[in-house]
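First residue of the first sequence: 256, per our numbering; consecutive thereafter. This report concerns only the one structure given below.
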Amino acid sequence: MDLPVRRPFDLELTLTMGQALRWREGEEGWYVGVLRGHLIKLRQTYDRVEFRCNVPADDARHLLADYLRLDEDVLPVHQALLERSPDMAELVERYGGLRILRQEPWECLITYVCSPRNMVKNNIRAVEVLAAHYGETLSLDGIERSAFPTPAALEASGVDELRALWLGLPRHAEYIHDLAQEVTAGFLSLDDLRGMPYEEAKRHLMTCKGIGSKVADCILLFSCDKREAFPIDTNIRRALRAFCALEGTDSQLLERARDRFGKQAGYASQLLFHGIRTIAPNGGRTLR
DNA sequence: TCCCAGGGTCCAC
DNA sequence: GTGGACCATGGG
């Protein structure tokens with residue numbers, strides 16, 4: 256079973272560059288991950304994405320078309336981006352197949368709440384540990400993984416139990432439990448965020464403990480269709496300096512990046528993020 | 001030994 | 001609103 260994709264489309268880059276943390280390379284070119292409670296295998300052959308999943312083919316098709324944003328054409332995005340910022344040409348040329356996934360908001364929220372002062376490697380581990388402890392066990396072709404836990408499951412776990420999982424910092428456990436409570440109680444509606452304007456959705460998210468500007472932008476870009484979100488971290492700061500000659504404080508950078516990239520800011524952020532980690536020697540870090 | 005990881009909170013000022 | 005210290009550590 257497979258789906259047609261419009262090139263440029265780089266499945267491997269898209270799944271492994273760091274926006275989603277649950278994809279693992281399997282045998283025979285498959286990438287194995289868990290998507291909305293379903294264990295799924297994906298691999299690309301030129302302009303098609305082959306898939307395997309324990310749900311009816313049509314259901315999987317809808318699930319993947321949404322997740323991979325197959326309804327969107329990336330070429331107009333490239334064009335608009337290059338018109339606004341010609342210095343992005345090299346990144347567009349090299350990594351034009353990179354796409355922004357449409358992740359499940361709850362999982363995305365918890366994933367990025369665990370990210371501050373946490374290495375990516377440990378962030379991946381934190382998400383996997385949460386799934387293993389509180390998520391439903393799934394199997395496909397002899398592979399076992401766990402679904403990402405529901406808000407109710409994480410709320411029921413209790414803060415002390417979450418803290419014992421060493422997710423990063425102790426306060427990450429507190430943030431997770433608080434968020435689980437807010438979502439189950441209906442005080443925080445992640446579905447509503449998608450319908451709000453960017454600024455309003457960001458303000459709303461940032462009222463939650465543990466969610467600052469960067470984490471909010473990650474959630475909005477990766478799961479709430481806010482293409483103008485521009486998460487600023489150390490990599491992006493270096494990349495803006497290296498590729499676009501932009502410098503300043505974080506708030507200045509955010510304003511300048513959004514002014515320059517407009518609606519393509521989120522897409523630009525991922526090209527910059529991947530670019531500085533692969534092209535620039537030493538990750539663009541100034542040698543001392 | 002120092003710096004730094006996909007930051008955020010809390011506190012002065 | 002801004003700048004600094006602090007925070008479950010581990011690798012270069």
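Glycine included, C-beta positions come from ideal geometry on N, C-alpha and C.
Distance CB(residue i)-CB(residue j) smaller than 8 Å
i, j, result
"Tyr286", "Glu305", "no"
"Ala523", "Glu483", "no"
"Gly288", "Arg277", "yes"
"Leu409", "His432", "yes"
"Met256", "Ala312", "yes"
"Arg291", "Leu318", "yes"
"Phe498", "Leu527", "yes"
"Arg298", "Leu258", "no"
"His333", "Gly352", "no"
"Val368", "Val438", "no"
"Arg513", "Phe485", "yes"
"Arg316", "Leu395", "no"
Assigned secondary structure, residue i (DSSP; H/G/I helix, E/B strand, else coil)
i, result
"Lys518", "helix"
"Leu542", "Low confidence applies to Leu542: its pLDDT is 39, below 50, so where it sits in the model is not reliable, and the reading given next is rough at best. Correct three-state label for Leu542: coil."
"Pro406", "helix"
"Val384", "helix"
"Thr366", "helix"
"Lys464", "coil"
"Leu306", "According to the sequence as given, residue 306 is Phe; it is not Leu. Residue state, collapsed to three classes: strand."
"Asp265", "coil"
"Arg355", "First, the amino acid is wrong: residue 355 is Ile here, not Arg. In this structure, Ile355 counts as coil in the three-state DSSP scheme."
"Val260", "coil"
"Gln299", "strand"
"Leu347", "Position check: residue 347 holds Val in this sequence, whereas Leu was assumed. Helix, per DSSP."
"Arg400", "strand"
Residue i burial status per 10 Å Cβ neighbour count (16 or more: buried)
i, result
"Tyr301", "exposed"
"Val329", "buried"
"His529", "buried"
"Asp472", "buried"
"Lys457", "buried"
"Arg262", "exposed"
"Thr269", "buried"
Nearest residue (CA-CA) to residue i, options the options
i, options, result
"Leu420", "Thr533, Glu437 and Asn378", "Asn378"
"Ile531", "Glu345, Gly465 and Leu448", "Glu345"
"Phe516", "Tyr322, Leu460, Leu297 and Pro341", "Pro341"
"Lys518", "Thr271, Tyr453 and Ala387", "Tyr453"
"Thr533", "Leu448, Arg324 and Ala494", "Ala494"
"Asp415", "Glu429, Gly423 and Ala402", "Glu429"
"Asp480", "Glu383, His293 and Glu327", "Glu327"
"Thr392", "Trp361, Asn309, Ala435 and Asp265", "Asn309"
"Gly413", "His388, Glu399, Ile398 and Pro263", "His388"
"Gln274", "Leu364, Ile295, Arg349 and Glu348", "Leu364"
"Asp544", "Leu294, Lys296, Arg307 and Glu359", "No answer is possible for residue 544: the residues shown for the chain start at 256 and end at 543."
"Ala381", "Thr366, Leu509 and Trp361", "Thr366"
"Glu399", "Leu508, Asp447 and Ile295", "Ile295"
"Ser478", "Thr489, Arg354 and Gln507", "Arg354"
Rounded straight-line distance, which links the Cα of residue j to that of residue i
i, j, result
"Pro404", "Glu338", "42 Å"
"Arg279", "Pro371", "23 Å"
"Leu542", "Ile487", "Low local confidence applies: a pLDDT of 39 at Leu542 is under 50, so the model's placement there is unreliable, with the coordinate-based value given in what follows. Answer to the nearest angstrom: the Cα atoms are 22 Å apart."
"Ile474", "Glu282", "31 Å"
"Leu325", "Val260", "7 Å"
"Asp265", "Leu434", "34 Å"
"Val347", "Ala411", "45 Å"
"Arg357", "Leu323", "6 Å"
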